[in-house]
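Residue numbers (the working numbering), protein chains in the order written: chain L, 841 to 1028; chain X, 648 to 841.
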C-alpha cells in the first residue's frame, strides 16, 4: 500500500487542531503520593540489589564447594576400585598415601563431628549440591561397608589403610559441601 | 497553557531542589507535572500506562536534577526525558504484545474508533482527541513528535531505532487515517469546533 507523501500536506487544518489541543493534563498523582511511591520504589530497588548480591554470593559459594569437591574426588567412574591396590599388583607393596595421613584422619574426625551436628538436609535444598552430597554419602557408605568386611576377614592392612584414607577424604569433602550449603542458606 | 518545552524555574528554586529541599521539589513538580503528563498522554495514550510512564519520568527527572546544566529551560530537558521514556515504553515487548492483543498495531487503540463515519456521531467526528486515539500508538507518537513537538524525520527515526523513511511512512499513513476520520464531518460543516 502506498500513500503519496505530498498528499499528506493537504491536512494542515488537522495539524492546526492538533497543535491547539491542550498541552496540560491534571497529573494522575499529587506530590505527596509521588513522593511516597518514589520512596517505595527506591526501597524496592535497594532490596532487589541486595537479593541480587545474595544470589551471586550463593552461586559463588556453591561453585567453591563444587570446585573443592571436584579436587578431592577422583575423576574415574569407580575410583575406589582403581585406587585400591590388590594383593597381586605392585601397588600393594608401595605406600599409597605419601603425605599428611594423620592430618587427614584428624580433620575427618572433626568433620564427622560437625556433620553429625547438622540436620539431615539443609533449610534450602539446592539440586546441584544435593546430588553431590548424595553421591559423597553413597561413597562413604560403600567405604564403610568395605572396611567392615575387610576388618572382619583380617589381613590386607595396607588396603584397609588406603581405603580408610580415602574415606577420610570423602568425609572432608562432604563437610565442605555441607558447609557451603549452610552458608548459602544463611544468606538473605 | 504553557508547553512543556517553554517551562522554566527560578535558579534559586532549582538550586534548593538540587540540594534535596522537598518544598522546592514540590514547587517544581507543580510547575512541570501537568505539561509532562499532557505530553505523555499524547504519546502513550491514557490509562495506567501513562501513569506508570509519568512516574518513571518524574523519578528520573529528580534523580538527574543535580546534573542539569541550565543551558535550556528545564521543561525542554524534562521533555527529552519524557519522550525517551515514552518511546522506550512503545518499543517494549510488553507494549507490543498488549497492542497485538488489543487488535493489531495498525488497528488503533479502541474498537469504537475503527470506523468513525459509521459508528461515531457527527459531533464526535471533529473531536481531534478521538481522531488521535484512533491511530496506532506508534503512528500517534510520530504524528505528535513531528507536527506538534517539531521533531524532524531523522530525529524520530533515530528515536525509534529506525530510519527517517519509517517516520515518513508512519506520518503519511497517519495523515491518511486522520483525513479519513475528518472527511465526513468537513463535508457537512456542522460539527462543533474544538
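Beta carbons: idealized from backbone N, C-alpha and C, even for Gly.
Which stretch, first to last residue, makes up the alpha helix (DSSP H) that contains residue 688 of chain X? For the purposes of this step, residue 688 of chain X is taken as the residue at position 41 of the second chain. Run containing residue 688 of chain X: 669 to 691, per the alpha helix (DSSP H) assignment.
When the distance is taken between beta carbons, is residue 671 of chain X closer than 7 Å to residue 660 of chain X? By one-based count along the second chain, residue 660 of chain X stands at place 13. By one-based count along the second chain, residue 671 of chain X stands at place 24. A contact, by the Cβ cut-off of 7 Å.
Check the Cβ of residue 885 of chain L against every Cβ in chain X and list those closer than 9 Å, keeping chain order. Taking the first chain and counting its residues from 1, one reaches residue 885 of chain L at position 45. Chain X residues near residue 885 of chain L: none, gap ~10 Å exceeds 9 Å.
Could you name the residues of the same chain whose beta carbon sits closer than 7 Å to that of residue 803 of chain X, not counting the 5 residues immediately before and after it, in chain order? Counting from one through the second chain, the residue named residue 803 of chain X turns up at place 156. Excluding sequence neighbours, residue 803 of chain X sits near 789, 792, 793 and 814.
Give the residues of chain X in contact with residue 858 of chain L, contact being defined as C-beta atoms less than 8 Å apart. Translated into the one-based positions of the first chain, residue 858 of chain L becomes position 18. Correct list: 775, 779, 790, 791, 794 and 795.
Considering only C-alpha positions, which residue in the set X:710, X:820 and X:697 is nearest to residue 881 of chain L? Numbered from its first residue, the first chain carries residue 881 of chain L at position 41. Ranking X:710, X:820 and X:697 by Cα distance to residue 881 of chain L puts X:710 first.
Just curious, the alpha helix (DSSP H) that residue 653 of chain X is in, first and last residue? As a working mapping, residue 653 of chain X is identified with position 6 in the second chain. Element bounds for residue 653 of chain X: n/a, residue is neither H nor E.
For residue 713 of chain X, which of X:650, X:698, X:822 and X:668 has the nearest alpha-carbon? Position 66 of the second chain, counted from the start, is the residue given in the question as residue 713 of chain X. Ranking the options by Cα distance to residue 713 of chain X, first place goes to X:668.
Could you spell out where the alpha helix (DSSP H) holding residue 994 of chain L opens and where it closes? For this step, residue 994 of chain L is matched to residue 154 along the first chain. Where residue 994 of chain L is concerned, there is no enclosing alpha helix (DSSP H), given that its DSSP letter is neither H nor E.
Same chain, Cβ closer than 6 Å to residue 806 of chain X, five either side skipped, listed in chain order: Within the second chain, the letter at position 159 stands for residue 806 of chain X. So the list reads 734, once near-sequence residues are dropped.
Closest to residue 696 of chain X by CA distance: which of X:781, X:800, X:739 and X:725 is it? On the second chain, residue 696 of chain X is found 49 positions in, with the first residue counted as 1. The candidate whose alpha carbon is nearest that of residue 696 of chain X is X:739.
Where do the ends of the alpha helix (DSSP H) carrying residue 725 of chain X lie? Counting from one through the second chain, the residue named residue 725 of chain X turns up at place 78. Start and end: 721 to 738.
For residue 666 of chain X, does the three-state DSSP call read helix, strand or coil? Along the second chain, read from residue 1 onward, the residue named residue 666 of chain X stands at position 19. If DSSP states are grouped into helix, strand and coil, residue 666 of chain X belongs with coil.
Does the beta-carbon distance from residue 785 of chain X to residue 729 of chain X come in below 7 Å? In the second chain, the residue the question calls residue 785 of chain X occupies position 138. In the second chain, the residue the question calls residue 729 of chain X occupies position 82. Not a contact, by the Cβ cut-off of 7 Å.
Are the CB atoms of residue 655 of chain X and residue 721 of chain X nearer to each other than 7 Å? Numbered from its first residue, the second chain carries residue 655 of chain X at position 8. Numbered from its first residue, the second chain carries residue 721 of chain X at position 74. Taking C-beta atoms as the reference points, residue 655 of chain X and residue 721 of chain X count as a pair closer than 7 Å.
Could you name the residues of the region 679 to 705 of chain X whose beta carbon sits closer than 7 Å to any beta carbon of chain L, in the order they occur along the chain? 680, 681, 682, 684, 685, 688, 698, 701, 702 and 705
Run of the alpha helix (DSSP H) containing residue 863 of chain L, from where it starts to where it stops: As a first step, residue 863 of chain L is located in the first chain; it is residue number 23 there, counting from the start. No alpha helix (DSSP H) holds residue 863 of chain L; DSSP gives it neither H nor E.
N- and C-terminal bounds of the alpha helix (DSSP H) containing residue 808 of chain X: Mapped onto the second chain, residue 808 of chain X falls at position 161. From DSSP, residue 808 of chain X is part of no alpha helix (DSSP H); its letter is neither H nor E.
Could you check if residue 995 of chain L is buried or exposed, using at least 16 other CB atoms within 10 Å of its CB as the buried criterion? In the first chain, residue 995 of chain L corresponds to position 155, counting from 1. Under this definition residue 995 of chain L is an exposed residue.
Looking at chain L, is there any beta carbon in it that lies within less than 7 Å of the beta carbon of residue 673 of chain X? The count along the second chain starts at 1 and reaches residue 673 of chain X at position 26. With 7 Å as the cut-off, residue 673 of chain X counts as an interface residue toward chain L.
So, are the CB atoms of residue 976 of chain L and residue 1013 of chain L less than 7 Å apart? As a first step, residue 976 of chain L must be located in the first chain, where it is residue number 136. As a first step, residue 1013 of chain L must be located in the first chain, where it is residue number 173. Going by C-beta atoms, residue 976 of chain L is nearer than 7 Å to residue 1013 of chain L.
Would you say residue 676 of chain X reaches chain L, if we count a Cβ-Cβ gap shorter than 7 Å as a contact? One-based indexing of the second chain puts residue 676 of chain X at position 29. Proximity of residue 676 of chain X to chain L, defined by a Cβ-Cβ separation below 7 Å, is satisfied.
Using a Cβ-Cβ distance under 7 Å, would residue 864 of chain L count as near chain X? Here residue 864 of chain L corresponds to residue number 24 of the first chain, with the count starting at 1. By this cut-off, residue 864 of chain L is an interface position.
So, with DSSP's three-state summary, where would you put residue 913 of chain L? As a working mapping, residue 913 of chain L is identified with position 73 in the first chain. Three-state DSSP puts residue 913 of chain L in coil, outside helix and strand.
Answer with buried or exposed for residue 969 of chain L, where buried requires no fewer than 16 other C-beta atoms within 10 angstroms of its C-beta. Here residue 969 of chain L corresponds to residue number 129 of the first chain, with the count starting at 1. Label assigned to residue 969 of chain L: buried.
Could you tell me the alpha carbon to alpha carbon distance between residue 681 of chain X and residue 649 of chain X, rounded to whole angstroms? Counting from one through the second chain, the residue named residue 681 of chain X turns up at place 34. Counting from one through the second chain, the residue named residue 649 of chain X turns up at place 2. When rounded, the distance between both Cα atoms is 10 Å.
Residues in the same chain with beta-carbon distance under 8 Å from residue 893 of chain L, minus the five sequence neighbours each way, listed in chain order, please. Taking the first residue of the first chain as 1, we reach residue 893 of chain L at position 53. So no residue of the chain qualifies.
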